[in-house]
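Heads up: the sequence shown is residues 1 to 221, going by full-length UniProt numbering. Idealized CB from N, CA, C, for every residue including glycine. For reference, the structure is listed below as structure tokens.
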Amino acid sequence: MNIFVIIPAYNEEKRIGQVLDDLSVFSYRLVVVDDGSTDNTAGVVAAYPKVTLLRHKINRDQGASLQTGNQYALGEQADVIVHFDADGQFLASEIEDMVKPILEEGYDIVFGSRFLSKKSKLPFLKRHIIFPLARLVNRLFLGVKTSDPQSGFRAMTAQTAKSINIEQDGKAHCSEIMAKAFEQKLKIKEVPITVIYNRFGQGMGHGFKILKDILFSKINK
Numbered sequence: 001m002n003i004f005v006i007i008p009a010y011n012e013e014k015r016i017g018q019v020l021d022d023l024s025v026f027s028y029r030l031v032v033v034d035d036g037s038t039d040n041t042a043g044v045v046a047a048y049p050k051v052t053l054l055r056h057k058i059n060r061d062q063g064a065s066l067q068t069g070n071q072y073a074l075g076e077q078a079d080v081i082v083h084f085d086a087d088g089q090f091l092a093s094e095i096e097d098m099v100k101p102i103l104e105e106g107y108d109i110v111f112g113s114r115f116l117s118k119k120s121k122l123p124f125l126k127r128h129i130i131f132p133l134a135r136l137v138n139r140l141f142l143g144v145k146t147s148d149p150q151s152g153f154r155a156m157t158a159q160t161a162k163s164i165n166i167e168q169d170g171k172a173h174c175s176e177i178m179a180k181a182f183e184q185k186l187k188i189k190e191v192p193i194t195v196i197y198n199r200f201g202q203g204m205g206h207g208f209k210i211l212k213d214i215l216f217s218k219i220n221k
């Protein structure tokens, strides 16, 4: 069983080493997509000989990086593809929980959720303003009914990755993937995940950029 973990990374030289250390204890195929970083992200990744490093010459954002990773994994005969962040927010040990419904229950795609049984310490603005608004937008405009509207932790079969082409280069890719999964009537499941927040990128401006990207993606759909 070829399980590929795709890790988009932009200027993550300080955190990605620990992420790769945590993931390297498992037998997954690790693929980092360096999205035009201006720091030493690529140099850190290159020190891990078993990790595949793909590079964008310019910064194209997270959605584009994930599509690049998906295409590579499919070319390498992946059976399951997992999307995982480079900043240490997710737990490598929970990939097994994400993949299990695909391998044992026949699900096409699995989304991690911060709003199920596990308790993630979400920043106040995200828990009470940003995510409720994003969830409402997803339901009203995209027909998506999930507990977590913007989780970047997901797993999918190779066939699902082939059928869902990520066209939104930015943060709206989360909603796009969900919307296409619902449109295609795929077998979908959510599982609880733990998210560890750092101080970087958790401000109101970042949250409203997510909302703007979701709305923009609908307008241009």
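* **Under 9 Å between C-beta atoms of residue 233 and I193** => One cannot answer for residue 233 here, as it falls past the ends of the chain, which runs 1 to 221.
* Asked: For V82 versus V51, is the C-beta spacing smaller than 9 Å?
  -> no
* To do: Take Q77 and list the residues in its own chain whose beta-carbon comes closer than 7 Å to its own, dropping the five residues that flank it on each side.
  => Correct list, in chain order: N2.
* Which first and last residues belong to the alpha helix (DSSP H) in which M98 is found? -> 95-105
* Between the Cα of I58 and the Cα atoms of S93, N70, G36, Y28, which residue gives the shortest distance? -> G36
* Distance, Cα to Cα, D5 vs S147? -> The residue you asked about is not Asp; residue 5 is Val in the sequence shown. Roughly 23 Å between the two C-alpha positions.
* Have a look at F200 and G63 and give me their C-alpha separation to the nearest angstrom. => Below a pLDDT of 50, predicted positions are generally treated as unreliable, and F200, at 45, falls in that range; no measurement from the model is reported.
* Residues near N70 by beta carbon distance below 8 Å, same chain, minus five either side -> Here N70 has I6, I81, A161, I166 as same chain residues with Cβ atoms under 8 Å from its own Cβ, once five neighbours each way along the sequence are excluded.
* To do: Find the nearest neighbour of G106 within the set G112, E94, D79, S93, judged by alpha-carbon distance.
  => D79
* How long is the line joining the alpha carbons of K14 and K189, rounded to whole angstroms? -> 33 Å
* Nearest neighbour of Q150, chosen from A172, A158, Q159, V44 [CA to CA] -> A172
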